[in-house]
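Take a look at the structure set out below.
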Amino acid sequence: MPRIQEIEEPGNDPILTDVYAKEREVFGFVLNTTKIQAHRPGIMKAAKALSMAVEKSGLLPPQLLALVYLRVALINGCPF
């Protein structure tokens, strides 16, 4: 059980609605970190933009980036 209550549905917030829809499309569900970050949509949007900028920068080859994501998931006990 998380210490911070997760926001299961985005309500009327357009930022959350967009992010939740994209995650459901990509993963089939909304990530727990997103449900926690949803308490501060502006910060969540900025954090996701930073992640996307790193991913799209091309500084890391796609295979290495995938390994980084996998390693971080394992460290955090995530089932990816």
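Numbering (this note's numbering), first residue to last: 8 to 87.
Built from N, CA and C at the ideal position, the CB exists for glycine as well.
Check residue i in the structure and name its three-state DSSP category.
i   : result
E30 : helix
P68 : coil
E16 : coil
R78 : helix
V37 : coil
A54 : helix
So which of the options has the shortest CA-CA distance to residue i?
i   : options            : result
R10 : K29, Y27, L72, I43 : I43
E13 : A56, K29, T40      : T40
For residue i and residue j, which I take to be in contact (beta-carbon distance under 8 Å), what is that distance rounded to the nearest angstrom?
i   : j   : result
L67 : V75 : 7 Å
E32 : L38 : Wrong, their Cβ atoms sit about 12 Å apart, outside the cutoff.
L72 : E62 : 6 Å
Establish whether the CB of residue i and some CB of chain B are separated by less than 8 Å.
i   : result
R10 : Chain labels in this structure do not include chain B; a single protein chain is all it has.
query: Counting Cβ pairs closer than 8 Å, one from the segment 23-31 and one from the segment 45-57, do we hit at least three?
result: yes
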